[in-house]
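Report on one structure; see the data block that follows.
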Amino acid sequence: NQAKTTFWPETSSKAAGYWLLGSAASVFGLVVFGGLTRLTESGLSITEWRPVTGSMPPRDFEDWNKEFALYKSSPEFKQLNSRMGLDEFKQIYWMEWIHRFWARAVGLTFALPTLYFVARRRVSAPMAAKLLGITGLIGFQGFIGWWMVKSGLKDDLFAPGAHPRVSQYRLTAHLGTAFLCYVAMVWNGLSILREHRLLANPKKSVTELQTLASPQLRRFRRSVAALALLVFCTALSGALVAGLDAGLIYNEWPTMGGGSGTLNNLSQSVLGGSLAPPAMELFDPWYSHTPDRSDVYWRNALENPSLVQLDHRILATTTFTAVMALWAYTRFSRPVRTALPAPARKAVTAVTALVWLQVTLGVSTLLYLVPVPLAAAHQAGALALLTGTIVLGSRVWVPRRAVRLVARRVAEVGTAGLATGPAAVRAQVGRAGRRGPGAMLAARTGGVEKV
Numbered sequence: 004n005q006a007k008t009t010f011w012p013e014t015s016s017k018a019a020g021y022w023l024l025g026s027a028a029s030v031f032g033l034v035v036f037g038g039l040t041r042l043t044e045s046g047l048s049i050t051e052w053r054p055v056t057g058s059m060p061p062r063d064f065e066d067w068n069k070e071f072a073l074y075k076s077s078p079e080f081k082q083l084n085s086r087m088g089l090d091e092f093k094q095i096y097w098m099e100w101i102h103r104f105w106a107r108a109v110g111l112t113f114a115l116p117t118l119y120f121v122a123r124r125r126v127s128a129p130m131a132a133k134l135l136g137i138t139g140l141i142g143f144q145g146f147i148g149w150w151m152v153k154s155g156l157k158d159d160l161f162a163p164g165a166h167p168r169v170s171q172y173r174l175t176a177h178l179g180t181a182f183l184c185y186v187a188m189v190w191n192g193l194s195i196l197r198e199h200r201l202l203a204n205p206k207k208s209v210t211e212l213q214t215l216a217s218p219q220l221r222r223f224r225r226s227v228a229a230l231a232l233l234v235f236c237t238a239l240s241g242a243l244v245a246g247l248d249a250g251l252i253y254n255e256w257p258t259m260g261g262g263s264g265t266l267n268n269l270s271q272s273v274l275g276g277s278l279a280p281p282a283m284e285l286f287d288p289w290y291s292h293t294p295d296r297s298d299v300y301w302r303n304a305l306e307n308p309s310l311v312q313l314d315h316r317i318l319a320t321t322t323f324t325a326v327m328a329l330w331a332y333t334r335f336s337r338p339v340r341t342a343l344p345a346p347a348r349k350a351v352t353a354v355t356a357l358v359w360l361q362v363t364l365g366v367s368t369l370l371y372l373v374p375v376p377l378a379a380a381h382q383a384g385a386l387a388l389l390t391g392t393i394v395l396g397s398r399v400w401v402p403r404r405a406v407r408l409v410a411r412r413v414a415e416v417g418t419a420g421l422a423t424g425p426a427a428v429r430a431q432v433g434r435a436g437r438r439g440p441g442a443m444l445a446a447r448t449g450g451v452e453k454v
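Printed below as a string of structure tokens:
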């Protein structure tokens with residue numbers, strides 16, 4: 004046990020925290036650029052998956068002709084771009100090549116530093132496991148990316164005569180995995196930096212952690228976690244919309260059929276239209292693949308553009324309502340308003356501003372028939388909103404590991420009479436592990452008051 008405790012450091016290096024946040028910024032840019040690649044219909048321009056040799060672009064006229072010949076054999080060229088010349092092909096090729104090269108760069112700039120931080124013992128044992136897990140997830144994301152592209156290169160993977168495009172299921176999986184990688188980087192990077200900040204002044208940190216662990220904020224923390232999950236699910240439903248080109252129908256708001264669709268005539272639009280299409284359109288038997296039509300509901304929910312767009316509208320409206328409710332909760336609930344730290348209040352304000360921006364971008368994207376700049380901004384807005392929610396969560400969460408380290412640090416310096424020595428601290432931490440950090444800090448209220 005002693006060897007195990009000395010093998011890994013107690014805390015991770017600050018450099019690892021900043022590197023994680025830098026990697027997250029790169030993934031953010033990659034997600035936005037991936038959206039541009041899809042919107043410009045460039046994603047199927049490279050028809051082979053060569054993780055190593057594909058890193059080099061065509062170097063001469065002969066290489067370009069080889070790549071163009073491969074593209075000519077694809078369904079997209081035959082059905083949509085049969086008149087495309089080499090110069091036009093180069094434009095979409097470079098978009099996809101940059102996207103793939105950027106993805107490789109993200110993988111290398113994460114895997115190599117991970118090996119360094121782990122090999123040099125610059126991170127704690129739990130963080131080392133997390134970094135290795137994120138590295139594996141990045142590698143898996145590369146495989147999902149090719150699996151997604153492959154679905155748009157073979158005729159047997161989509162309906163005969165249909166518009167050649169990637170599977171909306173695989174597109175959603177690809178975007179969802181990218182979001183998970185991003186969230187993991189942001190959360191762990193913030194955790195490392197927060198840990199260092201708490202340990203820099205353990206006497207002050209005990210009071211801060213006790214405040215966060217108060218019963219008044221317990222429901223608020225759970226609400227933030229639920230909001231993060233809701234934002235994530237809404238973003239995934241947006242990927243289904245994108246994969247089915249569902250944003251190109253019902254280009255009006257808030258109605259879906261019969262309304263004017265303009266913001267200037269909102270009241271007339273609502274009165275003259277319907278908030279949802281007819282039920283027969285939403286649950287069309289045509290999408291069923293079984294004789295008894297037992298799959299009609301879930302297939303329509305995932306494959307019918309009308310229902311997919313309606314679902315996205317409902318989730319987006321629910322997200323907006325949830326954010327505004329959370330904002331009101333922090334303003335009109337006196338116990339929460341009193342206990343909530345200033346950084347958390349600022350994060351709530353930021354999330355509120357981001358959700359208003361995201362709703363504006365979403366409605367504008369729909370009304371203007373999904374122009375590339377607005378659609379790309381809308382996708383970036385989804386990740387920005389998720390980022391704001393994660394940052395808010397990091398500011399109100401009570402980290403068990405940080406609580407344990409702060410308690411140990413306080414015990415070592417003999418401050419506030421919280422414990423008579425490390426053994427007493429470990430005993431208190433053991434009880435906290437069974438009942439949570441809030442219970443541990445509550446048990447120490449008497450000691451904290453002396454701080």
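According to our numbering, the sequence shown is numbered sequentially starting from 4.
Glycine included, each C-beta is placed from N, C-alpha and C at the ideal position.
Close Cβ partners of Glu79 (< 6 Å) along its chain, the five nearest in sequence each way excluded: Leu47, Pro167
Residue closest to Gly397, alpha-carbon to alpha-carbon, out of Leu23, Leu193, Trp67: The displayed chain sequence assigns Ser, not Gly, to residue 397. That would be Leu193, whose Cα lies nearest to the Cα of Ser397.
Top-ranked residue by Cα proximity to Asp90, from Asn68, Leu251, His177: Asn68
Segment contact, 8 Å Cβ cut-off, at least three pairs: the segment 21-36 with the segment 178-194: yes
Buried versus exposed call for Lys133 [16 or more other C-beta atoms within 10 Å across all chains shown]: buried
Cβ pair Gly148, Ala106 closer than 8 Å: yes
Distance, Pro346 Cα to Val406 Cα: 19 Å
Ala379 versus Trp11 - alpha carbon distance: Going from the Cα of Ala379 to the Cα of Trp11 covers about 43 Å.
Whole-Å CB distance - Lys17 paired with Ile195, under 8 Å assumed: Lys17 to Ile195, Cβ: 7 Å. Contact.
Inter-residue spacing [alpha-carbon to alpha-carbon] between Leu421 and Ala203: With a pLDDT of 42 at Leu421, under the threshold of 50, the modelled position of this residue cannot be trusted; read the value that follows with caution. Approximately 18 Å between the Cα atoms of the pair.
First through last residue of the alpha helix (DSSP H) which encompasses Phe143: Following the DSSP letters along the chain, one finds Phe143 inside the alpha helix (DSSP H) bounded by residues 128-153.
Spatial neighbours of Val126 in its chain, beta-carbon cut-off 6 Å, leaving aside the 5 residues before and after: Ser15, Ala19, Phe120
Cα-Cα separation between Ala242 and Phe235, rounded to whole angstroms: 11 Å
Cβ neighbours of Val399 in the same chain (closer than 7 Å, five flanking residues each side left out): Leu215, Leu220, Phe223, Arg224, Val227, Ala347
Own chain partners of Val375 with C-beta closer than 8 Å, once the 5 adjacent residues on each side are dropped: Cβ neighbours of Val375 beyond the five flanking positions: Leu39, Leu42, Thr43.
The segment 276-287 touching the segment 296-316, judged by at least three CB pairs closer than 8 Å: With a cut-off of 8 Å on Cβ pairs, the segment 276-287 is in contact with the segment 296-316, counting three or more such pairs.
Range covered by the alpha helix (DSSP H) that runs through Pro116: 89-122
Helix, strand or coil at Leu247 according to DSSP, with G and I counted as helix: In this structure, Leu247 counts as coil in the three-state DSSP scheme.
Contact set for Ile95: own chain, Cβ-Cβ below 8 Å, skip 5 residues either direction: Around Ile95, the same chain offers Thr43, Glu44, Ser45, Ser48 as residues with beta carbons nearer than 8 Å, after the five sequence neighbours per side are excluded.
Asp314, enclosing alpha helix (DSSP H) - first and last residue: 308-335
Gly37, enclosing alpha helix (DSSP H) - first and last residue: 17-42
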